[in-house]
Each structure stands twice: as C-alpha cells, then as structure tokens.
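Beneath this line is the structure, given in structure tokens, with notes to follow.
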Amino acid sequence: MKLYKSCLLTAALLLSSLEDAYTTDQPREQKSDNVLTVQNSKVRFPTDEERFVLPNIFSPIKALVDPKQGLQKKVASLQKAIERKEKVVSSLNDQITINRIERTRTIDIINVYQLRMKKKPSAVAEEFIKQNLDKLEEKLSDIDEKLKSLKNQLDGHEEDIEYQTLELGHLEKLKNQDLDLQK
Numbered sequence: 020m021k022l023y024k025s026c027l028l029t030a031a032l033l034l035s036s037l038e039d040a041y042t043t044d045q046p047r048e049q050k051s052d053n054v055l056t057v058q059n060s061k062v063r064f065p066t067d068e069e070r071f072v073l074p075n076i077f078s079p080i081k082a083l084v085d086p087k088q089g090l091q092k093k094v095a096s097l098q099k100a101i102e103r104k105e106k107v108v109s110s111l112n113d114q115i116t117i118n119r120i121e122r123t124r125t126i127d128i129i130n131v132y133q134l135r136m137k138k139k140p141s142a143v144a145e146e147f148i149k150q151n152l153d154k155l156e157e158k159l160s161d162i163d164e165k166l167k168s169l170k171n172q173l174d175g176h177e178e179d180i181e182y183q184t185l186e187l188g189h190l191e192k193l194k195n196q197d198l199d200l201q202k
C-alpha cells in the first residue's frame, strides 16, 4: 500500500511538472465578453533533458500501476526463452541419437574384426592364400591373352616377311635373267 501511495505521489509530481512546462510566461487577460485571450504570450516547450527523462520516469510507474501488463510481458519473454531452450535440447537429443547409431556401427565393425582374428591362424592363412591365388590366376589369364595377341601379330609379320622375301627372290631371278639376256 505504501508503494502504491508513493507511486501515485510521484505520478502527481510528474504531472504537475509537465503542466508547468506548458504554461505561458505572461498572465492571461480577460475581455469584456468573458473570452480568455493571451497577448504576446510564449509557450515554454520542454527542454531536451525533460523530453528524454520524463518518459523514462513514467515507465516504472506504468509497470507498477498496471502489473498485469508487466507480468504478461515477462511471461511472454519467458515463454520465448523456454522455446529457444527446447530447440537447443531437441538438437542435442538429435545429436545424441546420431552418436549412438555411429557408436553401435563402430562396435559392430570391431566385433567382426575380433571374430576374424579369433579364427585359427592356419584358416586365416588359407583364406589369404586363396585370395592371392585367385588374383594370380587373373593376372596369368591376362598375360596369356596378351601373349596370344602378340603371337598373332608376329605371325602376321612373319607372313609379310616371307612374302617379301619371296618377291625379292623372284625379282633377283628376273634381274639375273635380264642380265644373262643382255650379255
């Protein structure tokens, strides 16, 4: 109750200071027809300091006079903060589930390698030898194919060489016959 009274007193003082800020410098004159006029009066406008200070003074008073509005603003800001925190928590939960999945995958891979290592060394060696033999067989078949193609090329070249030697021999015989005839 004391707080309420002090707020009302402060508000009244502020209102009176505002009222004084907008009063005229010269007194009003009354004419005969009961109309109030002001001659050569100047209105005093509030200074820059008063313009910026007075609204700041009224804001706590408004919050005290209308507590519901202040509480509603606080509740709204708290709700927004809670929503932001919930988003952060949900993203953290998503990351945790992803990490769990990755962890189980790596554990499974490790278990598979452990099982392979527990096999007898001879069985592991046999698998290794089989794999290497298969690779060697593939390489040998590739080499055989290359050799066959090279042999075919050589056979083709040999036939060409034989044909060319036969032609040369035939040409030499013809030259010899021509030389014999010319003599």
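Just so you know, we're using this note's numbering here: the sequence shown kicks off at 20 and counts up by one.
Don't be surprised by glycine CBs; every beta carbon is placed ideally from N, CA and C.
- A direct Cα-Cα distance of roughly 22 Å separates Glu186 from Gln201.
- Taking Met136 as the centre and dropping the five residues before and after it, the same chain places no C-beta closer than 7 Å to its C-beta.
- Cβ contact annotation for Glu164 (same chain, cutoff 8 Å, sequence separation greater than five): none.
- When the Cα atoms are used, Glu156 and Asp113 turn out to be separated by approximately 50 Å.
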